[in-house]
Amino acid sequence: MARHLTVGAAQMGPIGRDESRADCVVRLTSLLEDAASRGCELVVFPELALTTFFPRWFTDDADEMESWFEADMPNTATQPLFDRAKELGVGFSLGYAELVVGADGTRHRYNTQILVERDGTTVGKYRKVHIPGHESNEPGRPFQHAERHYFEPGPDGFEVWNAFGGRVGMAICNDRRWPETYRVMGLKGVELILIGYNTPLHYEPDPQQNALAGFHNHLVLAAGAYQNGTYVVGVAKGGIEEGVDSLAQTAIFAPSGQIVAQCITTGDEVAVARLDLDFCSFYNNTLFDFDRYRIPKHYRLIAEEGGGA
Ligand code: ING
63 MARHLTVGAA
73 QMGPIGRDES
83 RADCVVRLTS
93 LLEDAASRGC
103 ELVVFPELAL
113 TTFFPRWFTD
123 DADEMESWFE
133 ADMPNTATQP
143 LFDRAKELGV
153 GFSLGYAELV
163 VGADGTRHRY
173 NTQILVERDG
183 TTVGKYRKVH
193 IPGHESNEPG
203 RPFQHAERHY
213 FEPGPDGFEV
223 WNAFGGRVGM
233 AICNDRRWPE
243 TYRVMGLKGV
253 ELILIGYNTP
263 LHYEPDPQQN
273 ALAGFHNHLV
283 LAAGAYQNGT
293 YVVGVAKGGI
303 EEGVDSLAQT
313 AIFAPSGQIV
323 AQCITTGDEV
333 AVARLDLDFC
343 SFYNNTLFDF
353 DRYRIPKHYR
363 LIAEEGGGA
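For the sequence shown, the working numbering gives the first residue as 63, with consecutive numbering after it.
Following this line, the structure appears as structure tokens:
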């Protein structure tokens, strides 16, 4: 019996600095309902989907910093989204800024994505590993990308969960540019990787890359899918957000590396595809049969770092 799963990639347009969590939840719920009306069982939202991309500004004010973060999930503002999803029997993946206060009072800030099953249960949580940008204020930039000031890397690495009838993993934005992201999950038998992103079209360290933003985005998503025999869903928060033009081009990639659905606007839009999770085996049991063709001992540079399998 084929394992089909209909997935919606729910792209968001800009979120304004003054847009409330409640305002975002209204938009997210509308996207969810659109996706559900088109048969979706799983809806994937972007990175930091509850706020504007606040690392574009630098502040040392602790209260202002933490005003962008969620201490609980769900919480008062997001409970309506969880309730509506459960009512519709639709699962979702949501990106947000997570504040964790340890028993010892330590405070940790993560760039987080959760996976919520169709019964409303949160079955997975991922905290972004590759934190891009810079640690301190760089006033010479047209806008900041101070993620390394706001977030610490997730401590757990890349996990894969049994959910939605398959093996599901998550990654966030810059993670998608690193091959290890996909390979670690590929070695855990992933069949569907969910990735939200916020990607400005201007890259201050090397502006000649600006014209290649769309190419590089689809390049890494397609390669990650193909080289690990998995579906990959890349979901943008795009458009001109607080004056910063950000990449959209949300798309769903098959294990062949082909695009099976994509968004055509830079706003709130759902791209839908009915995935056959068994299709992964056409690549995992042939070209990329890891047990038969991979030689881990020859990947010694990675092994020396202790990261390889
Ligand atoms: N954003 C970016 C990304 O990797 C970036 C970092 C910005 C890369 C601009 C290139 C150009 O897509 C996040 N949020 O990781």
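Where is the CB? At the ideal position from N, CA and C, for every residue including glycine. Note that the structure is predicted; figures quoted are calculated from it, not measured.
Does DSSP put residue i in a helix, a strand or coil?
i: L93; result: helix
i: G167; result: coil
i: K148; result: helix
i: M74; result: strand
i: F226; result: coil
i: M135; result: coil
i: A285; result: helix
i: D340; result: helix
i: Q311; result: coil
i: L110; result: coil
i: Y345; result: helix
Taking the beta carbon of residue i as the centre, do at least 16 other beta carbons fall within 10 Å, making it buried, or is it exposed?
i: N272; result: exposed
i: D181; result: exposed
i: N224; result: exposed
i: G329; result: exposed
i: M63; result: exposed
i: A97; result: buried
i: A371; result: Per-residue confidence for A371 stands at a pLDDT of 47, beneath the threshold of 50, marking its modelled position as unreliable; the derived number appears in the next sentence. Exposed, by the Cβ-count rule.
Just curious, the alpha helix (DSSP H) that residue i is in, first and last residue?
i: A124; result: A124 to E128
i: R210; result: E209 to Y212
i: T243; result: P241 to G248
Relative to the C-alpha of residue i, which candidate in the options has its C-alpha closest?
i: H170; options: I176, V162 and V152; result: V162
i: A285; options: D307, Q311, G300 and P241; result: P241
i: N199; options: L274, E103, H211 and I193; result: H211
i: L112; options: E266, G276, E126 and T174; result: T174
i: V332; options: C342, G319, V88 and T312; result: T312
i: D338; options: A316, R100, R238 and M247; result: A316
i: P142; options: Q289, A84 and R203; result: A84
i: R189; options: H196, G231, A287 and L274; result: G231
With 8 Å as the threshold, decide whether the Cβ of residue i is near any Cβ in chain D.
i: C235; result: Note that chain D does not occur in the displayed structure, where there is just one protein chain.
The beta strand (DSSP E) with residue i in it runs from where to where?
i: R354; result: That residue, R354, is in no beta strand (DSSP E); its alpha helix (DSSP H) goes F352 to Y355.
i: S318; result: Premise fails: S318 is in no beta strand (DSSP E) and is neither H nor E.
i: R189; result: T184 to R189
i: A298; result: Y293 to A298
For the region 104–120 against the region 257–276, are there 3 or more C-beta pairs whose distance is under 8 Å?
-> yes
Evaluate the contact criterion for the region 133–145 versus the region 332–351: three or more CB pairs, one atom per stretch, below 8 Å.
-> no
Should the region 178–195 be called in touch with the region 150–169, which here means at least 3 C-beta pairs below 8 Å?
-> yes
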